[in-house]
Structure formats: C-alpha cells, structure tokens
Amino acid sequence: MKTLPVVSPLAPTHLAELDPAAARAAAAALGEPAYRAGQVARHYFGRLVRDPAEMTDLPAASRERIARALLPTLLQPVRVLSCDDGATRKTLWRLHDGALVESVLMAYPDRVTACVSSQAGCGMGCPFCATGQAGLTRNLSTAEIVDQVVSLAAMADRELGRRLSHVVFMGMGEPLANYQRVVAAVRRLVAPPPDGLGLSARHITISTVGLVPAIRRLATERLPVTLALSLHAPDDDLRDELVPVNRRWRVSEVLAAAWDYTSRTGRRLSIEYAMIRDVNDQPWRADLLAELVAGRLVHVNLIPLNPTPGSRWDASPKPVEREFVRRLRAAGVATTVRDTRGREIDGACGQLAAIGGSVEAEHASVGQHTERLDR
Ligand code: SF4
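First residue of the sequence shown? That's 0 in numbering that gives the first Met the number 0, and the numbers climb one at a time after it.
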C-alpha cells in the first residue's frame with residue numbers, strides 16, 4: 000500500500016460506466032433520443048462492435064458523434080503477444096493518461112477466459128511479484144475494466160471463432176482494493192444484453208490477497224462469483240513476508256472471512272499457493288495447510304513460480320511439488336497444479352507492463368494473477 004488508490008479524474012465517461020438510466024440521460028444530453036443509448040449498447044455489449052460505420056441503425060449523419068461520445072477509446076493496444084499456438088494472447092494496453100495495464104485471453108477446449116487487470120500497478124507489495132515492485136499507479140475505472148473484457152470477447156469472437164465464457168480478476172492489481180469499481184464492473188458483465196455482457200457470475204473469479212472487510216462485504220452482494228484467496232503460506236511468520244497485508248489481517252482472520260463467503264454464497268473457495276523453492280514448499284507446511292482447510296468447501300491451486308533470471312526466488316523442484324500435492328490430497332483436500340499459460344511470452348502479472356514501460360523486471364514473478372486452468 001505504497002500510494003493512494005485514486006482513479007484518474009480525466010478518465011472519459013463511457014457507456015460501460017453507466018447504468019441504463021444514466022446511459023439514456025447521456026444520450027439525451029447529446030441532443031439525441033434517449034433510446035439511442037440502448038442502440039449503442041446493443042452494438043457494444045450484444046455485437047461487440049464499436050465502429051460507428053457498423054451501427055447502421057443510427058442516423059448516418061450523427062452515428063460517428065453518438066458512438067464517439069458514448070464509446071470513447073479507453074484502451075490503446077501497445078502490443079499483443081501470442082503463444083500456445085494462438086490459444087493464449089496477452090495484450091498490453093495504454094490508458095488515456097499513459098498508465099499501462101495488461102489482459103490475457105486464454106482459450107481452452109471447454110471455455111474461453113479473459114484475465115483482466117483491476118488496477119494499474121498494485122500497492123500490495125508481494126516481494127515475488129513484478130507488479131508489486133513498482134507500486135500502485137491508480138485504480139482502473141469501471142469502464143476500463145469492462146472494456147478489457149469486451150475487447151477480449153471481440154478478439155475471441157473475431158480471431159478464434161469462440162465465445163468468451165469466463166472472466167478472472169487476476170491481472171494487475173488487488174481487485175478488492177478497488178472494490179466499488181470492480182463490483183460495478185461485475186454487475187455490468189453479468190447484466191443481460193443490451194445492458195451488459197450476460198456472463199454468468201459463477202464464471203467470474205475475483206482474487207484477493209485477503210482484505211478481510213472487503214471479503215465480508217463481497218459476501219453480501221448477492222453476486223455468486225468465485226473467490227480466489229492468494230494464501231501462499233499457511234503460517235503468519237512466512238505470510239507476513241510473502242504477502243505483507245498479512246500483518247494487518249492474519250491467516251486465521253482471512254480464512255474465517257473466506258469461510259463466511261463460502262457459506263453465504265455456496266461457492267467453493269479457491270486457495271492460490273505459489274510454490275517457491277525452499278521458502279514455502281516444505282512438507283510440514285503442506286500438512287499445516289491441509290489442517291487449516293480440510294473438510295471445507297475448498298480447492299487448492301498450486302502455482303509453479305515463474306522465476307525471472309537473476310531473482311532470488313525460484314520454482315520448487317517437481318519432486319517437492321509432487322510431495323506437497325500428495326500430502327494435501329492424502330488429507331482429502333482437492334488439489335491441482337496450475338497449467339502455466341503464456342510462459343514463453345513472459346509469464347506473469349506485471350512483466351509485460353514492465354517491459355512496455357522500459358522498466359527492467361528484476362524480480363521473480365508468479366502468474367497467480369494471470370493464469371487459471373480449473374475454474
Ligand atoms: S501478487 Fe497480486 S496482490 Fe501481490 S503485488 Fe502482485 S499483483 Fe499485487
């Protein structure tokens with residue numbers, strides 16, 4: 000938490016920021032019939048179209064003006080990298096004020112997932128994460144979050160011939176530190192067209208390092224999204240180091256809030272655990288983790304650390320990882336090791352933005368906020 004979380008005051012107002020009534024008012028303020036907002040929304044959310052030339056139901060004379068006013072450009076692609084035979088595509092975006100964020104499209108046989116950023120940078124300071132090293136630039140607006148998803152949905156449609164089905168908030172940033180805008184974005188994503196994308200809340204995952212009051216608040220939103228808790232250590236001594244926010248909310252408090260979330264929503268908690276060689280991968284830590292979560296509505300995702308050359312953090316050896324998995328499973332805890340998509344294009348949260356901003360990515364980073372396989 001190095002800088003104040005603010006949204007740039009100059010972020011242009013965008014349809015994705017507005018509820019239907021506010022969108023109609025915005026159309027009327029342009030001197031147009033209020034129903035034009037619905038027409039534009041049908042193009043944007045329903046057809047994933049933002050080019051005025053394709054909005055042929057709008058009057059030709061004012062098409063350009065209406066579309067530009069309601070759908071100003073929020074994200075400029077700086078670079079797009081693709082790997083896994085095109086099944087993984089990572090985009091670095093420049094925002095209106097020059098801030099850089101990234102999002103990733105991942106195609107699997109049974110789903111197409113968008114991994115999006117909720118903040119430019121991150122203030123949580125996890126020492127193994129490239130994003131965490133640069134600190135927080137600012138919160139993203141609701142529209143900047145939604146527009147990442149709409150852009151990736153259009154990319155999936157256009158380039159893969161597939162429909163976007165899942166969204167994970169595991170790009171840059173701590174989503175619950177930008178709570179109101181993230182929740183507003185989720186509401187827009189689940190609203191049926193033309194007011195939103197019509198995604199299932201159950202197909203949306205919000206990750207957190209464990210902001211306890213925000214987890215408890217999220218449990219009351221009546222939005223049954225999946226909660227992914229980045230735990231990384233079962234004991235406070237080590238977690239204080241790996242996830243500095245643990246000094247504020249201890250492992251026991253974070254898990255209590257997470258169990259409250261699972262009981263209120265019926266959703267299975269996902270525990271994210273980066274496997275870091277000789278740091279958090281000891282058999283006794285597997286046993287302690289199992290003790291904390293066995294018998295709960297939970298799934299543990301082990302994430303092989305994606306090391307950066309020269310970093311002091313390294314991935315756990317495979318035999319160590321296998322033993323960790325064995326111990327958890329022996330205790331009856333559903334456990335998987337995450338497929339690490341996109342490694343050859345750079346791997347993990349923050350690295351693409353670091354490169355794009357000409358900042359040397361000095362630290363090892365983990366794809367904990369970048370890749371998912373099993374939701
Ligand atoms: S791991 Fe996630 S919460 Fe921690 S610094 Fe990186 S982006 Fe932020």
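All C-beta atoms in this analysis are idealised placements derived from N, C-alpha and C, irrespective of residue type, glycine included.
The criterion of a C-beta distance shorter than 8 angstroms is not satisfied by G170 and V111. Of the candidates H165, R88, R247, the residue whose Cα lies closest to the Cα of V103 is R88.
Taking the C-beta atoms as reference points, I270 is found nearer than 8 angstroms to L230.
DSSP, read as helix, strand or coil, puts Q75 in strand. In the DSSP assignment, S116 falls outside any beta strand (DSSP E) and carries neither an H nor an E. At the C-beta level, L327 and V299 come within 8 angstroms of one another. The continuous stretches of beta strand (DSSP E) do not include E322, which lies in the alpha helix (DSSP H) extending over residues 317–329. The beta-bridge partner set that DSSP reports for M105 consists of T87, T112. Counting the other Cβ atoms within 10 Å of the Cβ of Y43 gives 16 or more, which makes it buried.
Per DSSP, reduced to three states, the secondary structure at F44 is helical. With contacts defined as CB atoms closer than 8 angstroms, I214 and A257 qualify as a contacting pair. Comparing C-alpha distances from A36 to each of C128, R180, A25 shows the shortest one belongs to A25. Rounded to whole angstroms, the separation of the alpha carbons of V166 and L296 is 21 angstroms. Set against 7 angstroms, the gap from the CB of T334 to the closest heavy atom of the ligand SF4 is not smaller. A distance below 8 angstroms between beta-carbons, with the five flanking residues on each side excluded, links A333 to the following residues of its chain, in chain order: V297, H298, V299.
As for any beta strand (DSSP E) of minimum length 3 sitting wholly inside the segment 177–258, the runs are 203–207, 225–229, ordered along the chain.
Nearest to A155 by C-alpha distance, out of R337, L47, L304, S310, is L47. Scanning its chain for C-beta atoms nearer than 6 angstroms, with the 5 sequence neighbours on each side dropped, one finds around A183 the residues T141, in chain order.
The closest heavy atom of the ligand SF4 lies 7 angstroms or more from the beta carbon of C114. For R64, there is no enclosing beta strand (DSSP E); the residue is part of the alpha helix (DSSP H) that begins and ends at 62–69. With a cut-off of 7 angstroms, the C-beta of G172 is classified as near the ligand SF4, since at least one heavy atom of the ligand falls inside that distance.
A direct Cα-to-Cα measurement between P318 and Q75 gives close to 43 angstroms. Only buried fits E16, as 16 or more other CB atoms lie within 10 angstroms of its CB. Going by beta carbons, L29 and A59 fall outside the 8 angstroms limit.
Per the C-alpha coordinates, the member of S81, L222, E143, P11 positioned closest to E158 is S81. Annotation: Q179 to V292 spans about 29 angstroms, alpha carbon to alpha carbon.
Here A119 has A98, V100, T136, R137 as same chain residues with Cβ atoms under 6 angstroms from its own Cβ, once five neighbours each way along the sequence are excluded.
Cβ-Cβ distances below 6 angstroms link R266 to P223, T225 in the same chain, with the five nearest sequence neighbours on each side left out; the list follows chain order. At a cut-off of 7 angstroms, the beta-carbon of M123 counts as near the ligand SF4: some heavy atom of the ligand is closer than that.
T141 has its Cβ no nearer than 7 angstroms to any heavy atom of the ligand SF4. Counted as a single uninterrupted DSSP element, the stretch harbouring R311 is not any alpha helix (DSSP H), since DSSP gives it neither H nor E. Under DSSP, P303 forms a beta bridge with M274. Ranked by how close their Cα comes to the Cα of P191, the residues R41, L14, R64 have R41 in first place.
Within the model, the alpha-carbon separation for P282 versus F323 is close to 6 angstroms. For T141, the enclosing alpha helix (DSSP H) begins and ends at 141–154.
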